[in-house]
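Engineer: Chains A and B, in that order, are what the protein sequence lines are.
Going left to right, the first sequence walks through residues 0 to 92 as numbering that gives the first Met the number 0 numbers them.
Going left to right, the second sequence walks through residues 0 to 1003 as numbering that gives the first Met the number 0 numbers them.
Have a look at this one.
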Amino acid sequence: MFQIDCPFCGPRWQVEFVCGGEAHIERPINPDMLSDDEWADYVFMRTNSKGMHYERWCHIHGCRQWFNAARDTVSDKIHATYRMGEKPPELSS
Amino acid sequence: MKQQPYRLPTGGRIERNRPISFVYDGRPYDGFIGDTLASALLANGVRLVGRSFKYHRPRGVMTAGSNEPNAIVQLETGAYAEPNTRATQVELYDGLTAASQNCWPSVGFDFGAWTSHFSDLFPAGFYYKTFMWPRSAWMRYEYFIRRMAGLGSSPRVPDPDRYEKMHTHCDVLVVGSGPAGLSAALAAGRAGARVILVDEQNEVGGSLLEETIAIGNDPAMSWANKVREELIALPETRVLLRSTAYGYYDHNLVMISQRVSDHLGLSERSTDIPRQILWKVRAKEVVLATGAHERPLIFPDNDRPGVMLASAARSYVNRYAVKPGSSAIFFTNNDSAYKAALDMHAAGMRVSGIIDVRSDISGSWAQSVRDAGIPIFENQVVVATHGKSGLKGVSVMKLNPSGDGVDGVTQRVHGDVLCMSGGWSPVVHLFSQSRGKLNFDVAKNCFVPGTPVQASITVGACNGSFLLSDCLREGFLAGTEAAKNAGFEAIVPDLPDVQEPELTEERAVWETPNRLPSGRGGKRFIDFQNDVTSRDVELAAREGYLSVEHLKRYTTLGMGTDQGKLSNVNGLAVFSRCTGHDIPALGVTTFRPPYTPVTFGVIGGRDVDHLFDPVRKTPMHEWHVSSGALFEDVGQWKRPHYYPQDGEDMAAAVKRECEAVGSTVGIADASTLGKLDLRGPDVKKLLNWVYTNAWNKLETDRCRYGLMLGENGMVFDDGVTTKLSDEHYLMSTTSGGAGHVHQWLEEWLQCEWLDMKVWVTNITTQYAVAQISGPRARDLLAELTSDIDVSPQAFPFMSMRCGTVAGISARVFRISFSGELSYEINVPANKGMALWRALMSCGQKYNITPYGTESMHVLRAEKGFIIVGEETDGTVTPMDLGMDWIVSKAKKNFLGKRSLSRSDIIKSDRKQLVGLLTDNPDYVLGVGAQIVSQINESPPMPMEGHVTSSYYGPRVGRSIAMALLSGGLKRQGETVTVWDRGNIVRAKVSSPVFYDRDGDRMNA
């Protein structure tokens, strides 16, 4: 079980959070202009990184705030957490 | 007090002034506080403690700890029964009752032992190979195989014990309280760090519990107890004994199972203290001082009762004051057997000799042994063991010059205990669980921890350092470093003086050479618990197995309650010989938690029975109970299912309830419906995004139904939303859907539309809701309100009015899920019961009838209203439901819109919602029944759809069903065939709306 540093509340156990999958996926502005494949890419396709992975978490049993985390999927070390709208930190695994 | 024939007159850590008695296999015995069940049995001369798993061979105690493969016993009976406990770890208490396992009718005469005589017929993979044909017969074989192969039996009654969980943090967690662990804890504790020291035994000390070497000027255990006292006196330090750190998880989370009262007699236990506590410790730094396990050697009949590990024999003599037999023989490839031999000699046991595979043995250990007059059989091996159910002696032979075979004649050595030592394997389980990789140390013939992945340091025997002075030194350094890493200033304590002989080199020997090839002569066991021999490993190699993981699964090597603590490295070594790959190249199987078995009780803790999952009750719950309602679980909610009267069954009750709604008025508790309060200037914008229909023109106090889609275009929730003011709306969701929808809205608001100003509050439980439905609902409401004009013109369908109902401030929604004239009256939750009682008493004259969820579902199905989760399953679009009307063509964008034009979604043969009317109007189809396009004698048959809801509809007067049918929207009037639990039923495809198609009744 991870210990996750909520940017609003501080470090808490993973049971208080839910993971929302890959972060920094922006909703296309004009979905009608996209081909089926392009739209499917947005809806269904996610990267499955070995190494640094940027993902979205929600402190659902705490402040209920969504935020982003940079986690190394090999070691499961969480290198950074940051608020929505903030730029992801430059990291390498 | 009966005699304990093998108890030494003095010494040991047992409490001789506290004699106790216990029962094993029905016979009474005596022992002392401080004994384990195993040591007490040995003291009483009980050598045969079990039968092996596969061949039912007689077995005796082999170890003195968690690595025990043989002495696996059933502890206690009835509710306190616990199967598969290791007698070597069960602390003896007064009145303890235990029994051997896996033998019938008794451990002395076991019927299953016949398998041993036919063992050529039971090679590795025997069950896989033999019982696969014919395939259908496996079920029959399985019954007998499981009976033969079972371990203990679990209790059949609920667990009477109480368990707790603790969550805690610390700076330095030290696992293992041997010399390395104690010194690490001391160094960190003195620095002021919050230290937790955990050990599986009842006292600190680890290997010091049987050590004869002094530390400084003190006997080893005096030093250990001084350290313990100093640690306990420190304000931030905790020593957890009888506690096994069994799992090392992410981010330095270590799980510990503490046995609080297992060592007490059943009569001394009380529910005031828990039986066990599960500790979840998050540590800044972990020091692993988990020690090492001695390895057996592999030779013919190395499982005879009386064969044990040299270290175990030493432990029984020194710690428990028990002679494991009358005269001992040693068989070794390293020095540690010499220590044991000297201790047993000193305790007055006869030592017949040490058979050592090494030659030219020098060093001070050997010298001491020679001085004591114990013969050393250099360059020799045990080629056979003798005795039937207990060892009587061994045959030894000289190794040939190349060391791969034996030469000359056999010589008999007598003794009833054979103490073997094949070297030591560090207990790397926790390190490996922490994702650390292992390295094979060729000099020490064992796997040692490599670079740690988490914040941990490995010390002592766990690190491959087998000298006491090294353990102390590494412990002090690690404790200091860990405290520094955790932010404390620390200095390395002074190392006490330890006088101990140097160790001489060990000789790498696994399966010792013999006259016969390994398939012949006595069985040479690698894994005692699973009866895996070197021949089985050879067979696996011959059959082409190359991965150790496959080897494990094929031969069962390393499975069972000991998880290969004795056998893994030996098995690898034999496998390495057979495959020609060296041990490091083969690698090890994954070490998984738990290190030793953990009770389900402690994992469950208090989260059992009514505390397993919260139960949610509405404010009117007690009324439903006292009115005889039967309840249905809807998520965590308890909802009245139906209200049977005078012995009615469900069908009769539901028919009566539905007829009342159709003819007069019914009342239902709808408090569980999800309610989200939406406020802010952008609510309308949000609604336009999350619902498929348009919200711009909704007027204040009007209600609108909406479908919510995921981005994949599939329906995931529905409900009615009401505009209370320009910046205030009330959204309703499905029962149990409120949390999910709330989270969905928040995710979009927080992650995608950061500029949108909407505040979402879940107010589901703030309001109680009574739903009155039926032609007389208006009359009833009118009687209870003076400030709401209930006339159809003033209060039309799909609108909301605020006012007072039965003197309670209320929001009344005129919406309908039953298809009748219907009102949902929302009042503050604490007024729910008052409202309900007022409605019931005033409604008496209309024969007001409470109805439950079953009637609710029947009524809505007659009306063709969907339920998300029944008519939909995450693969259904609004079009599939025939609800194109709710999908706005004008809106440019809403969640899921683009998916609705994907090629797969617009296919005409998608499963679409239809009604089904069976040819026999009394036949009610089963939910899930398959619509098939062709009837075969038995399934499979080509399927075109399935029934999603099916009832007898009292208002329609016949059976009705809803179904998803391929291309169904264009198949109205067609007759289809339904395969329903073996019946073939013909039904006509219809509209899913069976009742009041024009909606005259609910609009009335």
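Glycine included, C-beta positions come from ideal geometry on N, C-alpha and C.
Nearest to LEU40 of chain B by alpha carbon, out of B:ALA320, B:ALA282, B:THR699, B:PRO500?
Structural biologist: Comparing Cα-Cα distances from LEU40 of chain B to each of B:ALA320, B:ALA282, B:THR699, B:PRO500, the minimum goes to B:ALA320.
Engineer: Output, in chain order, the set of chain B residues within a Cβ distance shorter than 8 Å of MET83 of chain A.
Structural biologist: Ordered by position in chain B, the residues that pass the 8 Å Cβ test against MET83 of chain A are GLN749, CYS750, LEU753.
Engineer: Mind checking who MET1001 of chain B pairs with in its DSSP beta bridge?
Structural biologist: Partner(s): none; MET1001 of chain B has no beta bridge.
Engineer: So what does DSSP say about VAL14 of chain A, is it helix, strand or coil?
Structural biologist: In this structure, VAL14 of chain A counts as helix in the three-state DSSP scheme.
Engineer: Which residues in the same chain as THR270 of chain B place their Cβ atom closer than 7 Å to its Cβ, once the five residues preceding and following it in sequence are excluded?
Structural biologist: Within the same chain, THR270 of chain B has close Cβ partners ARG161.
Engineer: Decide if ASN16 of chain B is buried, meaning its Cβ has at least 16 other Cβ atoms within 10 Å, or exposed.
Structural biologist: Label assigned to ASN16 of chain B: exposed.
Engineer: Counting only Cβ pairs nearer than 9 Å, list the residues of chain A close to LYS896 of chain B.
Structural biologist: Per Cβ cutoff of 9 Å: PRO30, ASP31.
Engineer: Would you kindly work out how many angstroms separate the C-alpha atoms of TYR651 of chain B and PRO643 of chain B, rounded to a whole number?
Structural biologist: According to the sequence shown, residue 651 of chain B is Ala rather than Tyr. Going by the C-alpha atoms only, they are around 8 Å apart.
Engineer: Return yes when the Cβ of GLY64 of chain B is within less than 8 Å of the Cβ of THR87 of chain B, no when it is not.
Structural biologist: Going by C-beta atoms, THR87 of chain B is nearer than 8 Å to GLY64 of chain B.
Engineer: Given that a residue counts as buried once 16 or more other Cβ atoms are within 10 Å of its Cβ, and exposed if not, what is ASN692 of chain B?
Structural biologist: So ASN692 of chain B ends up on the buried side.
Engineer: Could you work out which residue in A:HIS23, A:GLY61, A:ARG70 is closest to PHE7 of chain A when comparing CA atoms only?
Structural biologist: If we check each option's Cα against that of PHE7 of chain A, A:GLY61 comes out closest.
Engineer: CA-CA distance, LYS283 of chain B and VAL197 of chain B?
Structural biologist: Computed Cα separation, rounded: 15 Å.
Engineer: Per DSSP, what are the beta-bridge partners of SER20 of chain B in this structure?
Structural biologist: Partner(s): B:ASP29.
Engineer: Hey, could you find the ends of the alpha helix (DSSP H) LYS1014 of chain B is sitting in?
Structural biologist: Residue 1014 of chain B cannot be examined here, being either before or after the span of chain B that is shown, 0 to 1003.
Engineer: In angstroms with no decimal places, state the Cα-to-Cα distance between ARG193 of chain B and ALA37 of chain B.
Structural biologist: Cα-Cα distance, rounded: 36 Å.
Engineer: In the DSSP assignment, what residue or residues form a beta bridge with CYS801 of chain B?
Structural biologist: According to DSSP, CYS801 of chain B bridges with B:ARG810.
Engineer: Do you know whose CA, among B:HIS609, B:VAL992, B:TYR922, B:ARG970, lies nearest TRP978 of chain B's CA?
Structural biologist: That would be B:TYR922, whose Cα lies nearest to the Cα of TRP978 of chain B.
Engineer: For the structure I just gave you, are there three or more beta carbon pairs, one from the segment 258–267 of chain B and one from the segment 470–483 of chain B, closer than 8 Å?
Structural biologist: Result no; under three Cβ-Cβ pairs closer than 8 Å.
Engineer: With a threshold of 8 Å between beta-carbons, can TRP56 of chain A be considered close to chain B, or not?
Structural biologist: Answer no: the Cβ-Cβ gap between TRP56 of chain A and chain B never drops below 8 Å.
Engineer: Output, in chain order, the set of chain A residues within a Cβ distance shorter than 8 Å of TYR248 of chain B.
Structural biologist: Near TYR248 of chain B (Cβ distances below 8 Å), the residues of chain A are MET0.
Engineer: Of all Cβ atoms in chain B, is any one closer than 8 Å to the Cβ of SER74 of chain A?
Structural biologist: For SER74 of chain A, the answer is yes, since a Cβ of chain B falls inside 8 Å of its Cβ.
Engineer: Answer yes or no: the CB of VAL380 of chain B versus the heavy atoms of the ligand SAM, is any distance below 7 Å?
Structural biologist: As presented, the structure is devoid of all ligands, the ligand SAM included, so that no description of it is given.
Engineer: Is the beta carbon of VAL955 of chain B sitting closer than 8 Å to the one on GLU861 of chain B?
Structural biologist: For VAL955 of chain B and GLU861 of chain B, yes; Cβs fall inside 8 Å.
Engineer: Please check the pair CYS702 of chain B and MET797 of chain B, which I expect to be a contact at CB under 8 Å, by giving their CB distance rounded to whole angstroms.
Structural biologist: Rounded, the Cβ-Cβ distance is 5 Å, consistent with contact.
Engineer: Counting only C-beta atoms, is GLY9 of chain A closer than 8 Å to chain B at any point?
Structural biologist: Output row for GLY9 of chain A: interface = no.
Engineer: May I ask you to list the residues that DSSP assigns as paired with ALA327 of chain B?
Structural biologist: In DSSP, ALA327 of chain B forms a bridge with B:VAL350, B:VAL416.
Engineer: Taking SER626 of chain B as the reference, which of B:MET839, B:HIS250, B:ASN224 has the closest Cα?
Structural biologist: Here the closest residue by C-alpha is B:MET839.
Engineer: Can you tell me whether MET165 of chain B is helix, strand or coil according to DSSP?
Structural biologist: Reduced to three states, the DSSP call for MET165 of chain B is strand.
Engineer: State the DSSP-derived secondary structure class of ILE934 of chain B, mapped to helix, strand or coil.
Structural biologist: Three-state result, ILE934 of chain B: coil.
Engineer: Cα-Cα, which of B:SER662, B:LEU924, B:PRO593 is closest to TYR845 of chain B?
Structural biologist: Ranking B:SER662, B:LEU924, B:PRO593 by Cα distance to TYR845 of chain B puts B:SER662 first.
Engineer: Any residues in the segment 426–459 of chain B with a beta carbon nearer than 9 Å to a beta carbon of chain A? Which ones, in chain order?
Structural biologist: Against chain A - using a Cβ distance shorter than 9 Å - the residues of the segment 426–459 of chain B are ARG434, VAL452, GLN453.
Engineer: Can a CB atom of chain A be found closer than 8 Å to the CB of GLU746 of chain B?
Structural biologist: So, interface residue.
Engineer: Which one of B:GLN453, B:ARG897, B:ASP999, B:GLN200 has the shortest CA to CA distance from PRO774 of chain B?
Structural biologist: Checked all of B:GLN453, B:ARG897, B:ASP999, B:GLN200; the closest Cα to PRO774 of chain B is B:ASP999.
Engineer: Tell me where the beta strand (DSSP E) around ASN224 of chain B begins and ends.
Structural biologist: ASN224 of chain B -> not in any beta strand (DSSP E); alpha helix (DSSP H) instead, spanning 219–232.
Engineer: Give a yes or no on whether 8 Å exceeds the smallest Cβ distance from GLU710 of chain B to chain A.
Structural biologist: Yes, GLU710 of chain B counts as interfacial toward chain A.
Engineer: Identify every run of the beta strand (DSSP E) within the segment 676–753 of chain B, keeping only runs that are complete inside it and at least 3 residues long; order them along the chain.
Structural biologist: Correct list: 702–708, 714–724, 727–732.
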